[in-house]
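Mind the numbering: the sequence shown is residues 1 to 270 in the working numbering, read in order. Beta carbons: idealized from backbone N, C-alpha and C, even for Gly. Have a look at the structure below before the remarks.
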Amino acid sequence: MSISVEILETGTIRIRPSIGRNRSWTEPLPINTYLINHPEGHILFDSGESPHTMKPGYFPLWMPFFHMAVNIHVRPHEGIGARLKQRGLEPKDLKAVVLSHLHHDHGDGLPGLIGPPVYVSQEHWDAYKHPFEATMEGAVPNQWPKGFVPTILEPTGGPIRPWERSYPLTSDGKVVAVDTPGHVPGHLSVIVFGDEATYFLGGDATYDQELLDQEVTDGVNSNPLLAIESVRKIKEFARQKNVVLLPAHDPDAARRLAEKDFYKPSPSRL
Numbered sequence: 001m002s003i004s005v006e007i008l009e010t011g012t013i014r015i016r017p018s019i020g021r022n023r024s025w026t027e028p029l030p031i032n033t034y035l036i037n038h039p040e041g042h043i044l045f046d047s048g049e050s051p052h053t054m055k056p057g058y059f060p061l062w063m064p065f066f067h068m069a070v071n072i073h074v075r076p077h078e079g080i081g082a083r084l085k086q087r088g089l090e091p092k093d094l095k096a097v098v099l100s101h102l103h104h105d106h107g108d109g110l111p112g113l114i115g116p117p118v119y120v121s122q123e124h125w126d127a128y129k130h131p132f133e134a135t136m137e138g139a140v141p142n143q144w145p146k147g148f149v150p151t152i153l154e155p156t157g158g159p160i161r162p163w164e165r166s167y168p169l170t171s172d173g174k175v176v177a178v179d180t181p182g183h184v185p186g187h188l189s190v191i192v193f194g195d196e197a198t199y200f201l202g203g204d205a206t207y208d209q210e211l212l213d214q215e216v217t218d219g220v221n222s223n224p225l226l227a228i229e230s231v232r233k234i235k236e237f238a239r240q241k242n243v244v245l246l247p248a249h250d251p252d253a254a255r256r257l258a259e260k261d262f263y264k265p266s267p268s269r270l
């Protein structure tokens, strides 16, 4: 098996660019998860959104974020379980599920992924392991699998410049996670050193390539200064290699993946 990446889109989301200041909505943005194909097995990056979000009462009424800041549309055939079946796979066929973070549009597919280990960073789980705090931060822990506790991904890998440490996901070092905090504490991105290109699976480290290049952070951000630092590290990495940048919500990600369109970063705006 060659090393490659596929997009599994789990519906769309519209976002208010800035809560409170900008009441407009974005155009519908994809909710992308990424299937990494590797000789050691399939690895899924993020679980996406659930079709059950379309049912009344899915999101807690007491948390206004879910009702004021996002607008979601997921059809039954777009859930992650259905997307895997469309490719002839079942959850048991996955080597691992790695989550960038547990926000609803990245973690709500977990009930359809029972079987493989689910990995997050220690810092992220420390921030989200208590249901009230997790809900306040944009997760929906009452919809996670019963008794859900993730496996902590350990940073046992060496540096991948400009990152000082990495989280190996395969024994050959071809698939690794790196720290990209800012959007939330402990946010992870995944680098895939594929047969045809190097892929940077960004999660919500940025919403799209243009914003990343401009070093503009999104409106839902726990630490904007740290987010900009993460963005600059991604740009520095892309200066060293031919990188296809694949954020979770970039409408142009599918085209870039198909065409192997490499990101050419502009100088950092220090």
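Sheet register partners of residue i (DSSP bridge)
i	result
Glu-6	Leu-35
Phe-132	Phe-132 is not bridged to any residue.
Phe-45	Tyr-34, Val-98
Asn-314	Past the boundaries of the shown model lies residue 314; the chain is included only from 1 to 270, so the question cannot be answered.
Val-243	Thr-198
Thr-151	Tyr-119
Leu-29	Ile-13
Residues of its chain near residue i, where Cβ-Cβ distance is below 7 Å and the 5 sequence neighbours each way are ignored
i	result
Gly-158	Ser-166
Val-140	Phe-59, His-104, Asp-108
Lys-260	Glu-196, Ala-197, Val-244
Ala-134	Leu-102, Tyr-128, Pro-141
Asn-242	Ala-197, Thr-198, Phe-262
Chain-order list of residues whose beta-carbon lies under 8 Å from that of residue i (same chain, five-residue window excluded)
i	result
Gln-86	His-77
Pro-91	Gly-81, Leu-84, Gly-112, Leu-113, Ile-114, Gly-115, Pro-116
C-alpha distance - residue i paired with residue j, whole-angstrom precision
i	j	result
Leu-89	Leu-245	25 Å
Tyr-263	Ala-254	14 Å
Leu-211	Ser-230	13 Å
Ser-100	Thr-151	13 Å
Ile-3	Ile-114	24 Å
Arg-269	Pro-181	19 Å
Glu-164	Pro-185	17 Å
Val-97	Trp-25	31 Å
Asn-32	Leu-226	24 Å
Ala-238	Pro-56	43 Å
Anticipated Cβ contact below 8 Å, residue i with residue j, distance rounded
i	j	result
Gly-81	Gly-112	3 Å
Pro-30	Glu-9	5 Å
Same chain, Cβ closer than 6 Å to residue i, neighbours up to 5 away in sequence not counted
i	result
Ala-205	Thr-180, Ser-189, Ser-230
Query raised in the report: Residue ranges of each beta strand (DSSP E) run of no fewer than 3 residues wholly in the segment 76–123, ordered along the chain?
Result: 94–98, 118–120
* Kindly provide the ranges of any alpha helix (DSSP H) runs that are 4 or more residues long and lie completely inside the segment 160–241, ordered along the chain. => Fully enclosed alpha helix (DSSP H) runs of no fewer than 4 residues occupy 209–214, 224–240 of the segment 160–241, in order along the chain.
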